[in-house]
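Step one of this worksheet: look at the structure below.
Residue numbers (the UniProt record's numbering): 1 to 394.
Below, the structure is given as structure tokens:
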């Protein structure tokens, strides 16, 4: 489903195209990797092996680590001073993976602004910020300096998001009516919500379910929450596009349980995705011959109405079996680097998407009893609408 070559969706186009190793791309964006920790090692460097990118420099506050990652990535230079990296004329864009300040704020807003002021494009890891005002500040700097900033909202680029999005747009699915997403996160107490330094786990992980829902349905209109004593929670929400739904955060679940389950119900059809690996589309239909209740003897379904199921084969060395492909890391980096190289705006995972995700986090800090209208949290007129369109390719 997510390999439809006729689709105009940029993420679908990435999945539909042949996966190419970095050295096969005709033009590669020269990037500096900033923050040489576990995330960069596990996900970013493997993903960059398939994107039109070349790591030419690394940077970390621990010089030995910056040097080690540079050698691993084939870069010729490494830095322990971010400002010095930004003076490196060979670096066209920076990939920021630098985490949090001691007060719980992500480091990215100041670093991103410094990069675009130095003439560099920016891709930054999630969470991009703890306040929508910081998203707006980055967007203003990007506009002023005609640079692009993209955010690592990898769930928006996942196989699940791409396939489910295509399914729910099919005519026979009907309009999406309800959605349920299960993701085991922990909601802090109201008292702790006042202290940002106690919210890094929530901010770090809430990005995933909220960005997935945003990719499918757009902005949340209003939200309410009930919290269990152990930090588990259930959010109820409605979307400006029409559907209503819930985000169930079962903090007390077993460590052997699947981490995620998504179900979207339309009008006579529904689609279910489990653990990021299995997707089932229950097409419109009925069991047996569709006889009245009490008369049907056959529980099977006509082949033309039977559910469709997609899953990895877990066997071959195909890119689709690699976590950085199906989780979204490789597609998001391909989209960013290819957009810069070809001189077109980032269409998915831009600062406008990030603004809505961060607004949901801000709403969590304000929730009390009843529903909260998100437009009261931050005015949608302030949301960055689009990245700057470059005059030509980089």
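Just so it is clear, CB atoms sit at the ideal spot from N, CA and C, and this is done for glycine as well.
Because the structure is a prediction, the values reported are computed rather than measured.
Are the CB atoms of residue 158 and residue 328 within a distance shorter than 7 Å? As a position in the chain shown, residue 328 is number 328, starting the count at 1. As a position in the chain shown, residue 158 is number 158, starting the count at 1. In this structure, the beta-carbon distance from residue 328 to residue 158 falls below 7 Å.
Assigned exposure category for residue 416 - 16 Cβ within 10 Å defines buried: Nothing can be reported for residue 416: it is not among the residues displayed for the chain, which extend from 1 to 394.
Contact between the region 264-279 and the region 202-212 is defined here as three or more beta-carbon pairs at a separation below 8 Å; is this criterion met? Here the region 264-279 does not lie against the region 202-212, with fewer than 3 beta-carbon pairs under 8 Å apart.
Where do the N-terminal and C-terminal ends of the beta strand (DSSP E) with residue 203 fall, by residue? The count along the chain shown starts at 1 and reaches residue 203 at position 203. Segment 200-217 is the alpha helix (DSSP H) holding residue 203; no beta strand (DSSP E) there.
On a Cα-Cα basis, can you pick out the residue from 174, 354, 7 that is closest to residue 269? Stepping through the chain shown from its first residue, residue 269 is reached at position 269. Among 174, 354, 7, the Cα nearest to that of residue 269 is on 174.
What would DSSP say about residue 32, mapped onto helix, strand or coil? Residue mapping note: residue 32 aligns to position 32 of the chain shown, counting from 1. Assignment of residue 32 by DSSP, reduced to helix, strand and coil, places it in the strand class.
Report the residue ranges of all beta strand (DSSP E) runs contained in full by the region 158-185; include only those spanning at least 3 residues, in chain order. Within the region 158-185, the runs of beta strand (DSSP E) at least 3 residues long that lie entirely inside it are, in chain order, 178-182.
For residue 340, count neighbouring Cβ atoms within 10 angstroms of its own Cβ and tell me buried if that reaches 16, exposed if not. Here the question's residue 340 lines up with position 340 in the chain shown. In summary, residue 340 is buried, with 16 or more beta-carbon neighbours lying within 10 Å of its beta-carbon over all protein chains present.
Between residue 268 and the ligand FAD, is the CB less than 6 Å from at least one heavy atom? Judged by which ligands are present, the structure shown has none, so any question about the ligand FAD falls away.
Considering Cα atoms alone, identify which of 231, 334, 219 is closest to residue 244. Counted from its first residue, the chain shown places residue 244 at position 244. Of the candidates 231, 334, 219, the one whose C-alpha sits nearest the C-alpha of residue 244 is 219.
Got a sec? Which residues, its chain only, sit under 7 Å from residue 48 by beta carbon, not counting five neighbours each side? What you label residue 48 is simply residue 48 of the chain shown in a count that begins at 1. Residues 22, 55, 333 of the same chain have their beta carbon placed closer than 7 Å to that of residue 48, with the five preceding and five following residues left out of the count.
Is there contact here, the region 345-360 with the region 100-107, by at least three beta-carbon pairs under 8 Å? Taking 8 Å as the limit for Cβ pairs, the verdict is that the region 100-107 does not touch the region 345-360.
What are the partner residues of residue 238, as DSSP defines its beta bridges? Start at 1 with the first residue of the chain shown, and residue 238 comes out as number 238. Residue 238 is bridged by DSSP to 222, 244.
Would you call the region 141-161 in contact with the region 241-259, where contact means no fewer than 3 C-beta pairs closer than 8 Å? Contact annotation: the region 141-161 does not touch the region 241-259, with fewer than three C-beta pairs closer than 8 Å.
When you compare only the Cα positions, how much space is there between residue 19 and residue 27? Taking the first residue of the chain shown as 1, we reach residue 19 at position 19. Taking the first residue of the chain shown as 1, we reach residue 27 at position 27. Near 15 Å, if we compare the C-alpha coordinates of residue 27 and residue 19.
Residue 96 and residue 108 look like a contact to me (Cβ under 8 Å); what is the Cβ gap, rounded to whole Å? Locating residue 96 in the chain shown gives position 96, where the first residue counts as 1. Locating residue 108 in the chain shown gives position 108, where the first residue counts as 1. Sure, about 6 Å apart at Cβ, within 8 Å.
Mind checking whether residue 187 and residue 231 have CB atoms under 7 Å apart? As a working mapping, residue 187 is identified with position 187 in the chain shown. As a working mapping, residue 231 is identified with position 231 in the chain shown. It is a contact, given that the beta carbons lie within the stated cut-off.
Please report how far the alpha carbon of residue 265 lies from the alpha carbon of residue 284, in whole angstroms. Residue 265 sits at position 265 when you count from the first residue of the chain shown. Residue 284 sits at position 284 when you count from the first residue of the chain shown. Cα to Cα, the separation comes out at about 11 Å.
Under a Cβ-count criterion, where at least 16 other Cβ atoms within 10 Å of its own Cβ denotes burial, should residue 308 be classed as buried or exposed? Taking the chain shown and counting its residues from 1, one reaches residue 308 at position 308. Burial call: exposed.
Ends of the alpha helix (DSSP H) at residue 357? Position 357 of the chain shown, counted from the first residue, corresponds to residue 357. Residues 351-366.
So what's residue 372 in DSSP terms, helix, strand or just coil? Position 372 of the chain shown, counted from the start, is the residue given in the question as residue 372. DSSP places residue 372 in the strand class (E or B) of the three-state scheme.
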